[in-house]
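Let me begin by presenting the structure, written as structure tokens, before commenting on it.
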Amino acid sequence: MIRIALLAATALVALAPAAARSTLDDHVAAALASAGPGTRFGLLVTTMEGKEVVAVNPDDRFVPASNTKLFTTAAVFASGIDLAAPDTAGATVRIDGGDVVLTGHGDARMSAAADCTDDCLATLADAVAAKTRRVRDVIGDDTLFPDERWSPGMSWNNIPTTSGTGISALTLDDNELAVSVLPGNAAGATATIADGYYRIDNHVVTSAAEVPARIGYARLPNSRVLRIEGTVPVGAPARMVTVGIDDPADYAAWTLRRMLVARGVKVSGAVRVRHRALSPADDPEQRGTAPATPPPTESAPLARLSPKPLIEDLIHTNKVSQNVHAELFLRRVSRLSGSGSIADGQARVTSLMTTAGVPRWAWDFADGSGMSSYNRVSPRATVGLLRYSVTQPWGEAWRSTFPVAGVDGTLKRRFVGTPLQGRLFAKTGSLDKANGLGGFLTTAKGKTLVFAAYAADMPQSGSATKALDAALQVVAAEN
């Protein structure tokens, strides 16, 4: 009898963890089911040591959307670049045979804003105006990187938007342009939209005051004609429509020309660009090795901008999920061992993932920002990178760039008023039919867990973020 009792007690002890795990799994499954039928989920939560807490399709592959920025920025942190030092990639301006040449070196933060105080295009315009009162052409030079303005898998309908704007070594104002739409003086009148860089095809009508504004726009790739249509209520303030730029080097040179004219410099020539065509030499798989391409030869610049340290831009990029900056990080890190191409950037990511022990089948990336529909990653691959970072000297600084639940960035409005507010640090991701979240959380019992959560195939372009958040709250409450 005593032996039977001991065996029974031993069996109960052995079953207890399994029963607790089963209950947690059931609660997580119920939370995920709140998204409704049709949605596919992948979720992996582990301890810092790698013990699985919850696993739902952990080896399936999902579109990570902006979760891709985790991998891009990790490659920058792991590269050995001094992120606290002043950034040396600021744009330069020089005069070459009577032409003004504006050259980009990969900086993402140059601005033409009227209130700009740092990394300002106006500084370069002032330098030219102080040197000469007459120039010929104004040339935008972005040849530091090959001409890959859009990554493979970029949806064409995103190209006119700020989410899909072109990528270039010469970047100005995030390669975005704000267009002002001002209602007419009476209902039925055509709204006022000034031509500028784009030629406006205006189909916006002034509506009655009680009718809400409704403005849409369309533009074919590489077209300078921007069609804007809709309604704006009479008496309303001007509405701003922000659109993307297809040729950032051209736009930067066009803007510099305007600045020079405003400073009394006579520009007798045209706005031109210098691009470097993508070639087989920019693909490490085709050339076998990845020798660094020397920077373009240029005479001594009249002036060079000095952006703030890169760590500030990395924080900004991950907190707000800035696509252009992430793409430029991928190209800049590729310059350390290659030509500045997307392929060379991905080679750096592959090296990092291999070192982290993540199997190659678990991910595929076609860009640095997450806009490509070709990107795929498994929850286990993401958790593998996150856990690896904990052992690295750059890991803590990298994690500090993540949005904080209910506090800042893209998580500012998520987990508000829940126990995870201020206790979950993660990178978000969202595209049509795809949601993602990966990072670290602190449980009710004070444990730190690593997680990656993805959703795909939501019906009718729905979002599964509420279901993912609910599942993570269950995990945090029960551990």
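Residue numbers (the working numbering): -1 to 477.
Idealized CB from N, CA, C, for every residue including glycine.
As the structure is a computational prediction, the values presented were derived from the model and not from experiment.
With 16 as the cutoff for other CB atoms within 10 Å, does residue i come out buried or exposed?
| i | result |
| --- | --- |
| N173 | buried |
| P377 | buried |
| G186 | exposed |
| V259 | exposed |
| G78 | exposed |
| S332 | buried |
| A341 | buried |
| K49 | exposed |
| A462 | buried |
| Y372 | exposed |
| V414 | exposed |
| S32 | exposed |
| R411 | exposed |
| D244 | buried |
| M456 | buried |
| A512 | Because the chain in this structure spans residues -1 to 477, residue 512 falls outside the shown range and cannot be described. |
In whole angstroms, what is the alpha-carbon distance linking residue i and residue j?
| i | j | result |
| --- | --- | --- |
| T348 | F327 | 15 Å |
| F438 | T21 | 22 Å |
| T163 | Y196 | 14 Å |
| E134 | A120 | The identity of residue 134 in the sequence shown is Arg, whereas the question assumes Glu. Straight-line Cα distance between these residues: approximately 19 Å. |
| V232 | P246 | 35 Å |
| R88 | W148 | The question names Arg, but residue 88 in the sequence shown is Gly. One C-alpha to the other measures close to 22 Å. |
| W361 | F39 | 16 Å |
| P35 | A453 | 12 Å |
| V473 | V26 | 7 Å |
| L466 | L30 | 6 Å |
| K464 | G404 | 14 Å |
| V98 | V269 | 10 Å |
| L168 | A250 | 7 Å |
| A288 | V241 | At A288, the pLDDT of 47 sits below 50, so the modelled position is not reliable; the number obtained from the coordinates is stated separately. In a straight line, the C-alpha of A288 is about 35 Å away from that of V241. |
| A106 | D430 | 26 Å |
| G368 | E146 | 16 Å |
| D406 | E208 | 35 Å |
| A468 | T446 | 18 Å |
| A73 | A354 | 11 Å |
| A324 | L276 | 20 Å |
On the DSSP bridge list, what partners appear for residue i?
| i | result |
| --- | --- |
| G366 | Looking at the DSSP assignment, G366 forms no beta bridge with any residue, so it has no partner. |
| D199 | R225 |
| D467 | D467 is not bridged to any residue. |
| N433 | S428 and A453 |
Helix, strand or coil for residue i, going by three-state DSSP, please let me know.
| i | result |
| --- | --- |
| G228 | strand |
| F438 | strand |
| L142 | coil |
| R222 | coil |
| Y215 | strand |
| A290 | Its pLDDT being 49, under 50, A290 is placed unreliably in this model, and the value from its coordinates should be taken loosely. In the structure shown, A290 sits in coil (DSSP, three-state: anything other than H, G, I, E or B). |
| R374 | strand |
| G162 | coil |
| A106 | coil |
| M257 | helix |
| L168 | coil |
| F60 | strand |
| F413 | coil |
| F423 | strand |
Assuming residue i contacts residue j under a Cβ cut-off of 8 Å, what Cβ separation, rounded to an integer in Å, is found between them?
| i | j | result |
| --- | --- | --- |
| I191 | S205 | Not really, about 15 Å apart at Cβ, beyond 8 Å. |
| L384 | G436 | 7 Å |
| G366 | L142 | Contact doesn't hold; Cβ gap of about 16 Å is too wide. |
| F400 | F423 | 4 Å |
| T229 | A211 | 7 Å |
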